[in-house]
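K.L.:
One structure, pasted below without further comment.
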Ligand SMILES: [Zn+2]
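Residue numbers (our numbering): 3 to 171.
Printed below as a string of structure tokens:
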């Protein structure tokens with residue numbers, strides 16, 4: 003894998019980068035959690051646990067993302083590594099459904115007293131109804147191999163919410 007073209011190297015670098023970014027995020031989250039969970043310990047073992055947890059999870063996440071990204075970027079037809087790139091995307095609206103949910107309203111806490119006075123928000127609990135429209139899209143992602151021009155498509159389903167309204171009763 004030493005003789006990668008400029009494009010292959012760039013694709014490899016972008017997969018590497020997203021692995022690093024997500025690996026760091028996962029590491030930070032787990033490290034922070036470890037630090038918090040080990041709250042009864044002394045500072046040094048606490049920090050050591052956080053660092054080990056962060057390092058282990060961060061590295062595992064990086065490996066996982068880089069591995070699956072590399073696999074997806076390898077052409078299944080000609081086997082060239084880092085040659086398959088997303089080349090197109092089309093969406094088709096499958097359904098639009100109105101949705102709603104009713105929640106108990108949290109009594110408004112006057113955290114900011116000046117604001118509470120200005121808006122004169124009722125402090126009594128009530129019901130809050132949220133209404134929105136949920137659109138379901140069928141997304142077709144087309145990928146093309148830079149080496150043999152083999153085109154593959156994959157289908158995804160995406161849901162998006164819009165026109166969110168909150169009604170307080
Ligand atoms: Zn190919």
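Where a beta carbon is used, it is the ideal one built from N, C-alpha and C, also for glycine. Predicted model, so just to flag it, every value in this text is computed and none were measured.
1) Any heavy atom of ligand 1 inside 7 Å of the beta-carbon of residue 142?
2) Tell me whether residue 132, by its Cβ, gets closer than 7 Å to a heavy atom of ligand 1.
3) Answer yes or no: do residue 151 and residue 83 have a C-beta to C-beta separation smaller than 8 Å?
4) How about residue 86 and residue 145: do their beta carbons lie closer than 8 Å?
5) Answer with buried or exposed for residue 56, where buried requires no fewer than 16 other C-beta atoms within 10 angstroms of its C-beta.
6) I'd like to check one pair, residue 75 with residue 17: are the Cβ atoms closer than 8 Å?
7) Mind reading off the beta-carbon distance from residue 168 to residue 130? Whole number of angstroms is fine, and I expect it under 8 Å.
8) Going along the chain, which residues of its own chain have a beta-carbon closer than 7 Å to the beta-carbon of residue 68, five neighbours each way excluded?
9) For residue 52 and residue 36, what's the separation of their Cα atoms in angstroms?
10) Considering only the alpha carbon of each residue, which of 107, 44, 93, 50 lies closest to residue 137?
P.N.:
Taking the structure as given:
1) Taking the first residue of the chain shown as 1, we reach residue 142 at position 140. Because no heavy atom of ligand 1 lies under 7 Å away, the Cβ of residue 142 does not count as near it: no.
2) Taking the chain shown and counting its residues from 1, one reaches residue 132 at position 130. No, the beta carbon of residue 132 sits no closer than 7 Å to any heavy atom of ligand 1.
3) In the chain shown, residue 151 corresponds to position 149, counting from 1. In the chain shown, residue 83 corresponds to position 81, counting from 1. With respect to residue 83, residue 151 sits apart: the two C-beta atoms are not nearer than 8 Å.
4) In the chain shown, the residue the question calls residue 86 occupies position 84. In the chain shown, the residue the question calls residue 145 occupies position 143. Between residue 86 and residue 145, the CB-CB gap stays under 8 Å.
5) Here residue 56 refers to the residue found at position 54 of the chain shown. Under this definition residue 56 is a buried residue.
6) What you label residue 17 is simply residue 15 of the chain shown in a count that begins at 1. What you label residue 75 is simply residue 73 of the chain shown in a count that begins at 1. Cβ distance < 8 Å, so residue 17 and residue 75 count as in contact.
7) As a first step, residue 168 must be located in the chain shown, where it is residue number 166. As a first step, residue 130 must be located in the chain shown, where it is residue number 128. That pair is a contact at about 6 Å.
8) Counting from 1 along the chain shown, the entry for residue 68 is found at position 66. So the list reads 17, 18, 21, once near-sequence residues are dropped.
9) On the chain shown, residue 52 is found 50 positions in, with the first residue counted as 1. On the chain shown, residue 36 is found 34 positions in, with the first residue counted as 1. Each residue's CA atom was taken as its position, placing residue 52 and residue 36 some 5 Å apart.
10) The count along the chain shown starts at 1 and reaches residue 137 at position 135. Comparing Cα-Cα distances from residue 137 to each of 107, 44, 93, 50, the minimum goes to 93.
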